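Peer 1: Quick one: the structure is below, questions incoming.
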Amino acid sequence: EYAHITKFPGTAAKRMHQYMMARKLLDSKDLAESAVYAFNESQVNIFNGVDVKNKATPKVQKILARDSKGLNKILNGLYQALFKEDLGIKFTWRNKKEKDLVKELKEIQFTDQNNEDTNLGKFIVAVKDHLKEYKPRTQAGFLGMFNEEQIQEGLASLAQECMNNGYAPNQFEQLSSELANEGKIIPGAGTAKANLIVSRNIYTALARNYSIPIARTKMAKNGSLIPHEQKPFSIQTPFEDLNVFSSKGILPGISKAWTRKEGEIIKQIGIPDSIIVQDNSPSMPSPDKEVSIPVLGSSVIARTYLANDKTVTVYSFGSADHVYGPSKDEEAVNEVLRLHSGEDGGTTFNPRKLEQLLKDRSKSFDISIVSDMEISNLADFILSIKSLPFLNRIHLFYTNPGKMAYVNQAIEATKNVSNIGYAQLFTRYDIEKITMGELKKSLQ
Numbered sequence: 261e262y263a264h265i266t267k268f269p270g271t272a273a274k275r276m277h278q279y280m281m282a283r284k285l286l287d288s289k290d291l292a293e294s295a296v297y298a299f300n301e302s303q304v305n306i307f308n309g310v311d312v313k314n315k316a317t318p319k320v321q322k323i324l325a326r327d328s329k330g331l332n333k334i335l336n337g338l339y340q341a342l343f344k345e346d347l348g349i350k351f352t353w354r355n356k357k358e359k360d361l362v363k364e365l366k367e368i369q370f371t372d373q374n375n376e377d378t379n380l381g382k383f384i385v386a387v388k389d390h391l392k393e394y395k396p397r398t399q400a401g402f403l404g405m406f407n408e409e410q411i412q413e414g415l416a417s418l419a420q421e422c423m424n425n426g427y428a429p430n431q432f433e434q435l436s437s438e439l440a441n442e443g444k445i446i447p448g449a450g451t452a453k454a455n456l457i458v459s460r461n462i463y464t465a466l467a468r469n470y471s472i473p474i475a476r477t478k479m480a481k482n483g484s485l486i487p488h489e490q491k492p493f494s495i496q497t498p499f500e501d502l503n504v505f506s507s508k509g510i511l512p513g514i515s516k517a518w519t520r521k522e523g524e525i526i527k528q529i530g531i532p533d534s535i536i537v538q539d540n541s542p543s544m545p546s547p548d549k550e551v552s553i554p555v556l557g558s559s560v561i562a563r564t565y566l567a568n569d570k571t572v573t574v575y576s577f578g579s580a581d582h583v584y585g586p587s588k589d590e591e592a593v594n595e596v597l598r599l600h601s602g603e604d605g606g607t608t609f610n611p612r613k614l615e616q617l618l619k620d621r622s623k624s625f626d627i628s629i630v631s632d633m634e635i636s637n638l639a640d641f642i643l644s645i646k647s648l649p650f651l652n653r654i655h656l657f658y659t660n661p662g663k664m665a666y667v668n669q670a671i672e673a674t675k676n677v678s679n680i681g682y683a684q685l686f687t688r689y690d691i692e693k694i695t696m697g698e699l700k701k702s703l704q
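Residue numbers (the working numbering): 261 to 704.
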């Protein structure tokens, strides 16, 4: 077991990677699992019996080899040849194919981790016709030796590998669904859960690979009215607004009175809740045909706030509007971020939708707008974000280098608004540069 945990496979990520390799070569989930099981089991036994020369390994394997059949017998024949000890495996003249297969397997460098993928491929090609009859030693389940956190990390690594190799999102999601066995994985060390909710949405899994900081901010105003500036006293002015220190009497037009504004005394410094305004229009990349950088960026932003125990609300706009939240359910948030209008329709922004989300004007939000900025009512959009309460931090991520004319129009119109910052979101490397709340420092 020690060699399984530390080397073969060692990590959930490696086991998932090997499963993906096997799945390319084999017709079913069960065959792919059997191939990886058998390969890892062979690695462990050869490592213990040959590489480290553990004297107990041949003795244990001899007991396990009794009455073995099919691929299990062939592998025991391999160990017998490599250990150079009698494990009780005999091949008659009728078993010539099995004897030849043992010779073929002896040529594979099972414990050479530098060429592990190549060796796994050779192993699968060699034993392909015998995998249906293979009986794994363990009953713990394909990912049973790993806890939930290790499995989620493995899925994050697998998602990144799929993205790097140009897989469509649904290809990863099919793999993750198979690996999760529809959410039921026998628990491994360190977990008491039998039902595991895995990151089947590729964007949820990929978001685990990124970490972006959030600058703390002023969370709320006290809401009271405080004296702000003086004006001439009139008969309509409340007496409590009279400035007694600058007035020698009550003379309309001569005496001075205070005008008041809402107090800016800060109740709390911290991380606000998040509102993500996501462009779902046809001009944005389809998040189901390829990994969409705009959707991935939004998913990373959402995860960052959720990790800080904050809520996320999504306003998805474009050809059709959808509002979800506030929520702390990452999978549900990412499903909404992933909405797309398809190939038909335009891009229209509804200011009232955003205003409704900000109805508590004493509370601050971090607002992230992710769009290519090709908005049919761009002037309305600009006016809307300029008029948002100053307590909110507004991050505008533009996603298409070919549409900078729209972006520049918005930048020019808001250049004197200090709580609005802009940043490009063209590649995954742009995600790594984000610091939420640092409007001038990170959003360049």
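Ideal Cβ placement from N, Cα and C applies to all residues, glycine included.
Quick caveat, the model's predicted, so the values are computed rather than measured.
For Leu656, which of helix, strand or coil comes out of DSSP?
Peer 2: In the sequence shown, counting from the first residue as 1, residue 656 sits at position 396. DSSP places Leu656 in strand when its eight states are reduced to three.
Peer 1: If you check the beta carbons only, do Phe577 and Phe625 fall under 7 Å apart?
Peer 2: Against the sequence shown, residue 577 aligns to sequence position 317. Against the sequence shown, residue 625 aligns to sequence position 365. It is not a contact, given that the beta carbons lie outside the stated cut-off.
Peer 1: Could you give the DSSP three-state label for Thr317: helix, strand or coil?
Peer 2: The residue you call residue 317 lines up with position 57 of the sequence shown. It is helical.
Peer 1: In angstroms, rounded to a whole number, what distance separates the CA positions of Glu522 and Ala428?
Peer 2: Numbered from 1 along the sequence shown, position 262 holds the residue referred to as residue 522. Numbered from 1 along the sequence shown, position 168 holds the residue referred to as residue 428. Because the pLDDT of Glu522 is 48, which lies under 50, any placement of that residue in the model is unreliable, and the number read from its coordinates should be weighed accordingly. So the two alpha carbons sit approximately 52 Å from each other.
Peer 1: May I ask you to list the residues that DSSP assigns as paired with Met696?
Peer 2: Within the sequence shown, residue 696 is the residue found at index 436, counting from 1. DSSP output for Met696 lists Ile474 as bridge partner(s).
Peer 1: Could you work out which residue in Asn430, Thr477, Asp589, Asn305 is closest to Thr371 when comparing CA atoms only?
Peer 2: Within the sequence shown, the letter at position 111 stands for residue 371. Taking only the C-alpha atoms, the option nearest Thr371 is Asn305.
Peer 1: Apart from the five residues just before and just after Tyr584, which ones in its own chain have a Cβ nearer than 8 Å to its Cβ?
Peer 2: Here the question's residue 584 lines up with position 324 in the sequence shown. Hits under 8 Å: Thr573, Val574, Ser576, Ala592, Val593, Val596.
Peer 1: Can you give me the Cβ contacts of Leu342 inside the same chain, cut-off strictly under 8 Å, excluding the 5 residues immediately before and after it?
Peer 2: Counted from its first residue, the sequence shown places residue 342 at position 82. Cβ within range, chain order: Ile306, Gly309, Val310, Lys366.
Peer 1: Measure the C-alpha to C-alpha separation of Tyr297 and Leu285 and round it to an integer number of angstroms.
Peer 2: To locate residue 297, count along the sequence shown from 1; it is residue 37. To locate residue 285, count along the sequence shown from 1; it is residue 25. Near 15 Å, if we compare the C-alpha coordinates of Leu285 and Tyr297.
Peer 1: Can you find the residues in the same chain that come closer than 6 Å, C-beta to C-beta, to Gly602, ignoring five residues on each side of it along the sequence?
Peer 2: Taking the first residue of the sequence shown as 1, we reach residue 602 at position 342. If we look at Gly602 and ignore the five residues flanking it on each side, it has no Cβ neighbours.
Peer 1: Taking all protein chains shown into account, do 16 or more other C-beta atoms lie within 10 angstroms of the C-beta of Lys570, making it buried, or fewer, making it exposed?
Peer 2: Counted from its first residue, the sequence shown places residue 570 at position 310. It is buried - the Cβ of Lys570 has at least 16 other Cβ atoms within 10 Å.
Peer 1: Helix, strand or coil for Tyr427? Go by DSSP, reduced to three states.
Peer 2: Against the sequence shown, residue 427 aligns to sequence position 167. Note: Tyr427 maps to coil in three-state DSSP.
Peer 1: Put His277 into one of helix, strand or coil per three-state DSSP.
Peer 2: Position 17 of the sequence shown holds residue 277. His277 falls in the helix class under three-state DSSP.
Peer 1: Going by DSSP in three states, Thr687 sits in which element: helix, strand or coil?
Peer 2: The count along the sequence shown starts at 1 and reaches residue 687 at position 427. Thr687 falls in the coil class under three-state DSSP.
Peer 1: Here's a check: name, in chain order, each residue in its chain whose Cβ is nearer than 7 Å to the Cβ of Gly348, leaving out the five neighbours to either side.
Peer 2: As a position in the sequence shown, residue 348 is number 88, starting the count at 1. Within the same chain, Gly348 has close Cβ partners Lys322, Ala325, Arg326.
Peer 1: With DSSP run on the structure shown, which of helix, strand or coil describes Ser328?
Peer 2: Here residue 328 refers to the residue found at position 68 when the sequence shown is read from its first residue. Coil at Ser328, not helix or strand.
Peer 1: Give the range of the alpha helix (DSSP H) segment to which Tyr463 is assigned.
Peer 2: Along the sequence shown, read from residue 1 onward, the residue named residue 463 stands at position 203. Start and end: 462 to 467.
Peer 1: Determine the contact status of Leu566 and Lys549, defining contact as a CB-CB distance below 7 Å.
Peer 2: For this step, residue 566 is matched to residue 306 along the sequence shown. For this step, residue 549 is matched to residue 289 along the sequence shown. No. Outside cutoff.
Peer 1: Tell whether a beta-carbon distance below 7 Å holds between Tyr682 and Leu648.
Peer 2: Your numbering for residue 682 matches position 422 in the sequence shown. Your numbering for residue 648 matches position 388 in the sequence shown. The answer is no: Cβ separation not under 7 Å.
Peer 1: Under 6 Å Cβ to Cβ from Ile510, same chain only, skipping five residues before and after it: list those, please.
Peer 2: In the sequence shown, the residue the question calls residue 510 occupies position 250. With a pLDDT of only 47 at Ile510, under the threshold of 50, the placement of this residue in the model should not be trusted, and no figure is reported.
Peer 1: For Leu391, count neighbouring C-beta atoms within 10 Å of its own C-beta (all shown protein chains included) and say buried if the count is 16 or more, exposed if not.
Peer 2: Here residue 391 corresponds to residue number 131 of the sequence shown, with the count starting at 1. Answer is buried; the Cβ neighbour count reaches 16.
Peer 1: For Val667, which residues in the same chain have their Cβ closer than 6 Å to its Cβ, ignoring the five residues on either side in sequence?
Peer 2: Looking up residue 667 in the sequence shown gives position 407. Closer than 6 Å at the Cβ level, and outside the excluded window around Val667, lie Met633, Tyr658.
Peer 1: Do Ala416 and Ala465 have their C-beta atoms within less than 7 Å of each other?
Peer 2: Counting from one through the sequence shown, the residue named residue 416 turns up at place 156. Counting from one through the sequence shown, the residue named residue 465 turns up at place 205. A contact, by the Cβ cut-off of 7 Å.
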